[in-house]
Structures are given as C-alpha cells and as structure tokens.
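Q:
Chains as they are written, first to last, in the working numbering: chain A, 1 to 248; chain B, 1001 to 1287.
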C-alpha cells in the first residue's frame, strides 16, 4: 500500500516588515516536492525576512504561507516556530546560531528535539557522522571553538537531525572562504538527494547557488522580479548584466 | 595534625552539603542567567516547611521530598511572574531582576518572622544528635545523611541535564533562544520548567539545612555568599564543578574555623569568590 508522499510550499502575496519598514511586498513563491529553489538577491533585499516568515519568526501583514504535506495543509502564518519545526520544517539560520558552549554532539542531539525525530536519533546521528566524518572526530569539542566552515557543517547536520521534509538554508556562504562555499553547496545537494528533501535556499552567491538549484527567484527591494528555471535564469538579460557580471 | 585531619574530613562532609544547597542556583543563575538572589531565601523557606511537617512526625528527608512538587509549582509561578513583568520587557532585565528577587527575599523573611517569630527552629529524627566514631574521628550522623543526599541530588541533576531532551534544552536555552526555537522547543516554557526544577531541588536542600543545624528566618544572609561562591567557583552551570567547588569551600571554611576561629569563617566564601573572579572568572569548570 503506497502512500502518496508529497510536499509543496506555497507563498502568495506576502507583505511583511519591521515597524514602518516594509521588507517584503506581494511576494509569491512556490517550492514543489523534491525541488531545490534558490532565493537570490544581494544583502538587504528581504531574503532572510522571507525565510523568517516561513519559520513563523516574522508575521506577514498580508498574504498566505501554506505548506501541504502528504495531503494535509498547514497555514504557516498562524503557527509558532516550534509547531512549524514539529511538522517537518528545519532551518539552517544565517550566522549558523550553534550553541557555542555545548559540544558538537550536544548540538546534534538538540537537533532531534522534535518528538518525531527522537525515535530515529541513533540512526540519524550515525548518518550525520557518516556524511561529516569531521564531526565524529570532534564530537566532544565545544561548537564555539570550531572554524567557520566546520560550524556551517554542524549547523546543517543539526538541522538534518530533526528529520525534516522541507529544509530552509539561509545564506550558507556567509563568512566562508570560496573553497568552503563550494563544498558546502555541494554537500547540500548531496544530502538533499540522499534524504529526498525539498530545499529552499537563500543565497547571494549566484554562481554557486544555481549549480544546485532547479528554480530561481530573484528578489530586489522586497519584490520578486524574476522567477523561472535555472536555464531561463541564465539566459535572462537582467541576470546576465547585474548578477553574472557578463559584459555586453 | 589530628586536628587538621578532622577539619579536612568535616570540611568534606560540609562541602557536599554546600554543593547540595547550591545546585538549584547552578541551574537558575549558572544556566538560565536569572539573577536569583532569592535562592537562599527559598532554602530557608524549605527548611521552615520541613520543620512544620516534622511537627506532624514526618522524617525531615521524607518531608523534603514531599515538598518538591509544591516547590516546583512555586518556582514555576515565580519565574512566570518574573518573566511577564521583567525579563520580557527589556535589555536591563539583569538589574531590575535583582530588584525583583530582592523583593522576594524581603517577603519571605518578613513572612517567616510574622508567622513563626525570630526563634531558632530544629527538627527531630533518629539520626540527629548521634555520631559515628571512626578511631578518634567523630562524624555526626546528620552530616553523613546530608552528605549522602547531596551526592544523590547532584548526580541526579547532572544525569537529567545531560541525558534527557529537556535537560539538554535547559543547558542551551540561555546561549541562543532563537536557535532553540528552531529546534522545536519553546524557550520560555523550558526556562519556566528549569526554574521549577531548581526550586524543587532547593526545597529538598532546605530540609538538609535544618538537619545540619538550627534555622532562623534570616539565616539566608549567611548562605548568599556561600551559594554564589560555589556557583561562580564551579564555572557557571557545571554540576560536577558545583560538587567540587562545594568541597573546596567546605574544607577551606573548616580549616579556617579550626585554625583561626569561628569569626573568620564567613569571610572564606567571599574571599574565594574574589580570588576566583580575579584569576579565573570562568570558574574551575567554565566553558
């Protein structure tokens, strides 16, 4: 008896802001099952605000954010962050936000806090150590004493410990050396394939993001100015001129 | 020489007792960052409740265990009130929190004086007043009982914090509340629960306080230096550190008491606190 496993994130007409500052205006976006969507744009255009809206950390003033999982529809704009995590959404936050004075292993175990993830904790921690052998080596080390690249790996592993269906990754490249950015992005792709995840990634590094994305959304001043497949994205003039640095 | 050996052995027992009266503060101040200066007042409240129950013939240790759920509820209520009125409202919560907990101290002290007067209170149990003689060393049984309870309490709490999901969330909550939320835990509920546990443990430690010796309503003032000394010496939030720091304080006090006399003993805790803050502010086991 096969059950239809499907997931779709649907964001429609979302406005959001901080006090008088409007950070998002009429943003609509869709992430389909098994897709990797890249939310592209430079700093201060609203990428992180949109991610926070999906996680229930910023409330939209207008519009809807829906998540359909296996035939059940959740209205994310009404749920708390904890409830959203519990239905199977995990986020790797900007700046990683590890627990610096806890060990690597304690950080991973906290990742499995949601009740559904607790049952498979031994299996999942095994997977994490297999995917990131360095974390196994350093499992007794304090998270705060590791390098930026290692911390990013730990942040991704910690998010995976909750056995999510939808993974949000906010600016994985920030503060990393170019070689590490490339490794991190490849790792996200590898893990996505392995766990059958659906991924929404906010990133300002175009070249790296479109390596693994199926679909791209470009956000400028809180509005989506382009959306399409990665192929279309690469052919678009605006993108060529502004983001890929092509010369006419 | 014998005198010194006796002092060290007595100090070891006393030190474990100091650890037991401090573990609640290790959680509240060390892990949650709550400036809980009412901790010793809760200890005295626990001692008085034990005394009341002992009046009905209940063994003080049993009384202390019976008190734990009530103290848990009290702690959760106090934290909720503190959170709604102070912590939620701003960045200078530390200083205003001190004022809040100072108020709590005042209410408890005055309440106890109004209800029971300023007289010293004692409890009765089979093990109080007897002692175990090993060679020339005389070990009061009440100290041994407190010693055993202290070890059980510290070990139990350490296990809870490292082996359970809630325990690990308690260790993490003050480090990054937003990140904890992203793990699926509600930071306010975690803190409230943790403060409840800290208070429950303090209730039981209050029973040990009145087993060790007579208690009067303002004895908390002697314990404020000792408990904060132990928690800072340990390194904020470390359970094994709390036990070791308690033993260091116990042995130091006991030696000073034997060599220099009783009037010097209260200076030991503040002295150790200052030395520690000067040379290693993160404490012995600080991370």
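Glycine residues also receive a C-beta, built at the ideal position from the N, C-alpha and C atoms.
The structure displayed is predicted, hence computed values, not measured ones.
For the beta strand (DSSP E) that contains residue 63/A, what are its first and last residues?
A: Start and end: 62-69.
Q: For residue 17/A, collect the residues of the same chain with a Cβ closer than 6 Å to its Cβ; drop the 5 residues on either side in sequence, then sort them by chain order.
A: Cβ within range, chain order: 23.
Q: Inspect the beta-carbon positions of residue 1258/B and residue 1022/B and report whether they are closer than 7 Å.
A: No, the pair does not count as a contact, with Cβ atoms beyond the cut-off.
Q: Check whether chain A comes within 7 Å of residue 1183/B, counting only Cβ atoms and requiring the distance to be less than that.
A: It does: the Cβ of residue 1183/B has a partner Cβ on chain A nearer than 7 Å.
Q: Is it true that the region 1005-1018 of chain B meets the region 1237-1255 of chain B, where meeting means three or more beta-carbon pairs spaced less than 8 Å apart?
A: Segments in contact, yes.
Q: So is residue 179/A buried or exposed if we call it buried at 16+ other beta carbons inside 10 Å?
A: Exposed: under 16 other Cβ atoms inside 10 Å.
Q: Between which two residues does the beta strand (DSSP E) containing residue 215/A stretch?
A: From DSSP, the beta strand (DSSP E) with residue 215/A extends over 215-220.
Q: Can you list the residues of chain A that residue 1192/B reaches, using a CB-CB cut of under 8 Å?
A: None at all; the shortest Cβ gap to chain A is about 14 Å.
Q: Taking beta-carbon pairs under 8 Å, can you tell me which members of the region 44-62 of chain A lie near chain B?
A: Within the region 44-62 of chain A, the qualifying residues are 55 and 57.
Q: Which ranges would you report for the alpha helix (DSSP H) in the region 123-183 of chain A if only whole runs of at least 4 residues count?
A: With a minimum length of 4 residues, the continuous alpha helix (DSSP H) runs that stay inside the region 123-183 of chain A are 133-137 and 148-160.
Q: Residue 85/A CB to nearest chain B CB: under 7 Å?
A: Chain B contact via Cβ: present.
Q: With DSSP as the reference, label residue 18/A as helix, strand or coil.
A: Looking at residue 18/A - three-state DSSP - the assignment turns out to be strand.
Q: Taking only beta-carbon atoms, is residue 1288/B less than 7 Å away from chain A?
A: No statement about residue 1288/B is possible, as the shown extent of chain B runs from 1001 to 1287 and does not include it.
Q: Alpha carbon to alpha carbon, how far is residue 1212/B from residue 1143/B? Give it in angstroms, no decimals.
A: Distance between the alpha carbons of residue 1143/B and residue 1212/B is about 6 Å.
Q: Would you mind sorting residue 186/A into buried or exposed? The rule is 16 or more other CB atoms within 10 Å of its CB.
A: It is exposed - the Cβ of residue 186/A has fewer than 16 other Cβ atoms within 10 Å.
Q: Against residue 1285/B, what residues of chain A qualify as contacts under a CB-to-CB distance less than 8 Å, listed in chain order?
A: Within 8 Å Cβ-Cβ: nothing; residue 1285/B doesn't reach chain A, min ~11 Å.
Q: Give a yes or no on whether the minimum CB-CB distance between residue 1270/B and chain A is below 7 Å.
A: Output row for residue 1270/B: interface = no.
Q: Does the structure place the region 128-139 of chain A close enough to the region 93-100 of chain A that three or more beta carbon pairs sit under 8 Å?
A: No, the region 93-100 of chain A is not in contact with the region 128-139 of chain A.
Q: From the DSSP output, in three-state form, read off residue 80/A for me.
A: Reduced to three states, the DSSP call for residue 80/A is coil.
Q: Select from 1217/B, 1247/B and 1098/B the residue whose C-alpha is nearest the C-alpha of residue 1018/B.
A: Closest option to residue 1018/B, Cα to Cα, is 1247/B.
Q: Among 49/A, 11/A and 35/A, whose alpha-carbon lies nearest the alpha-carbon of residue 21/A?
A: It is 49/A whose Cα lies nearest to the Cα of residue 21/A.
Q: At the 7 Å Cβ level, is residue 146/A part of the contact set with chain B, yes or no?
A: Taking Cβ atoms only, chain B never reaches closer than 7 Å to residue 146/A, which makes this a no.
Q: Output, in sequence order along the chain, the residues in the region 117-147 of chain A whose CB is closer than 9 Å to any CB in chain B.
A: The residues in question are 117, 118, 142 and 144.
Q: Out of curiosity, what's the CA-to-CA distance linking residue 227/A and residue 8/A?
A: Approximately 17 Å, taken between the alpha carbons.
Q: Measuring only between beta-carbons, confirm whether residue 1088/B sits less than 7 Å from chain A.
A: It does not: the Cβ of residue 1088/B has no partner Cβ on chain A nearer than 7 Å.
Q: Using a Cβ cut-off of 8 Å, which residues of the region 190-217 of chain A contact any Cβ in chain B, in chain order?
A: Answer set for the region 190-217 of chain A: empty.
Q: Quick one: list the residues of chain A neighbouring residue 1179/B, beta-carbon separation under 8 Å, in chain order.
A: Simply 93, 97, 98 and 99.
Q: Check each candidate in 136/A, 82/A, 141/A and 137/A and name the one with the smallest Cα separation from residue 115/A.
A: The candidate whose alpha carbon is nearest that of residue 115/A is 82/A.
Q: Whose Cβ in chain A lies nearer than 7 Å to the Cβ of residue 1176/B?
A: Chain A residues near residue 1176/B: 97 and 99.
Q: Counting only beta-carbon atoms, is residue 1165/B nearer than 7 Å to chain A?
A: Judged by the 7 Å Cβ criterion, residue 1165/B is in contact with chain A.
Q: Check whether the Cβ of residue 66/A lies closer than 7 Å to any Cβ atom in chain B.
A: Chain B contact via Cβ: absent.
Q: Beta strand (DSSP E) containing residue 1138/B: first to last residue?
A: Per DSSP, residue 1138/B belongs to the beta strand (DSSP E) from 1137-1140.
Q: Relative to the C-alpha of residue 78/A, which residue among 205/A, 108/A, 171/A and 56/A is closest?
A: It is 56/A.
Q: What does residue 1186/B reach in chain A if we use C-beta pairs closer than 7 Å?
A: Ordered by position in chain A, the residues that pass the 7 Å Cβ test against residue 1186/B are 82.
Q: Measuring straight from C-alpha to C-alpha, what distance separates residue 1276/B and residue 1081/B?
A: Each residue's alpha carbon lies about 33 Å from the other.
Q: I'd like to check one pair, residue 1269/B with residue 1229/B: are the Cβ atoms closer than 7 Å?
A: Contact: yes.
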